Amino acid sequence: MSVEVDLEGKVALVTGAGAGIGAGAAHVLAAAGAHVVVAEIDADLAATTVDAIRVAGGRAEVSVVDVRRADDVNRLAATTLAEHGRVDILVNNVGHYLTVTPFGQSDDDHWDALDAINFRHVLRLTRAVLPSMVARGSGSVINVTSVEGLRGYPPDPVYGAYKAAVAHFTRCLALEVAPDGVRVNAIAPDLTHTVQVDYDKMTPPELADRWPIWAPIGRRGVPADNADVILFLASDLSRFMIGQVIPTDGGSVVAGGWFRTVNGRWTNRPRNP
Ligand SMILES: NC(=O)c1ccc[n+]([C@@H]2O[C@H](COP(=O)([O-])OP(=O)(O)OC[C@H]3O[C@@H](n4cnc5c(N)ncnc54)[C@H](O)[C@@H]3O)[C@@H](O)[C@H]2O)c1
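Position 267 of the sequence shown, counting from 1, maps to 262 under the working numbering, and the rest follow consecutively.
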């Protein structure tokens, strides 16, 4: 017996869908039959995603937006609703750590920039799209936070705080709108190789063979590892789930400071192999 996700007739809006996890989400949602609005700041990246979806037989369109701009976000929601009459699936994917800054050195501009790229657009776009979901009595909102919103993030506490805000907004809003038939959930990625988290650049080649030791699951992630969970949350398979923040992290949250040794054992303290 096989289980198929059928999103035929549904409209999905994915922010930051030109690359990385957002592009992965756009691809799987389109492959399941949804029409995908690829909302992206980079027109070329957006066109690449849309072209690939169409070549694969799916339906998608480009919407060039900067989600940090209120007028862009409002236009995105208004045009999508005017053209399609509905948004069934909203994936609030855009987010970034920007320039990692210790709290003692951070200023208001850094806080504002982190707010704009990680949190404020999630509120704005959700507010703009939600009434249409509530009116139809169905919809799935999927926010993309980070493991850094679930655990302490020492390099930049303000980034960690904004990602935690996305996670907690997910839980709180889920309770508000569940009676209206709208489900709100989130994924919390880690260890996923993308443009933003470029492990080819961040990991010295001589340490590349350490992935089986470093990542509890034994390898780094690819966007599809996250996108498939987004597909699950978008689909009826998750119909009884609300307010959940699912780590798509290869086990980094659950390992909680435990590391595999080169001998395949586990340690939570400095030690020789
Ligand atoms: N990759 C990981 O391991 C990881 C870890 C933790 C959290 N995340 C989260 O996952 C989400 C996606 O991350 P990714 O690694 O795929 O990122 P990415 O940088 O590879 O892709 C982000 C996409 O968003 C677009 N974008 C950037 N700013 C935008 C804006 N202002 N308006 C519209 N589009 C914009 C980019 O052009 C790009 O196409 C983010 O919220 C990020 O915080 C990723």
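C-beta: ideal position from N, C-alpha, C; glycine also. All values reported here derive from a predicted model rather than from experimental measurement.
Which value, in whole angstroms, describes the spacing of the CA atoms of residue i and residue j?
i    : j    : result
I112 : G52  : 32 Å
A25  : I48  : 7 Å
I212 : V124 : 36 Å
L93  : V82  : 30 Å
L71  : G13  : 15 Å
R166 : V172 : 10 Å
D103 : M197 : 28 Å
G80  : D110 : 30 Å
E56  : F254 : 44 Å
D195 : G216 : 12 Å
Using a threshold of 8 Å, is the CB atom of residue i nearer than that to any non-hydrogen atom of ligand 1?
i    : result
G248 : Checking the sequence, you will find Val at residue 248 rather than Gly. Result no, Cβ not under 8 Å from ligand 1.
P218 : yes
D37  : yes
E143 : yes
K158 : yes
V45  : no
D66  : no
N180 : no
A72  : no
P184 : yes
G11  : yes
V82  : no
Pull up the DSSP beta-bridge partners for residue i, would you.
i    : result
H30  : V6 and R54
L85  : L8 and V136
G19  : Beta-bridge pairing links G19 to no other residue.
I255 : A quick correction: the sequence has Arg, not Ile, at residue 255. DSSP, once it has assigned bridges, lists W261 as partnering R255.
E35  : V59
Which first and last residues belong to the alpha helix (DSSP H) in which residue i is found?
i    : result
S247 : S247 to A250
I225 : P218 to A229
P152 : P152 to V172
T75  : A65 to H79
T121 : H116 to R131
D61  : D61 -> no alpha helix (DSSP H), and no H or E assigned at all.
P207 : W206 to W209
M197 : Y194 to M197
The beta strand (DSSP E) with residue i in it runs from where to where?
i    : result
V177 : V177 to P184
T243 : V240 to T243
Check whether the Cβ of residue i lies closer than 9 Å to any Cβ atom in chain D.
i    : result
L168 : Structure shown: chain D not included; a single protein chain is present.
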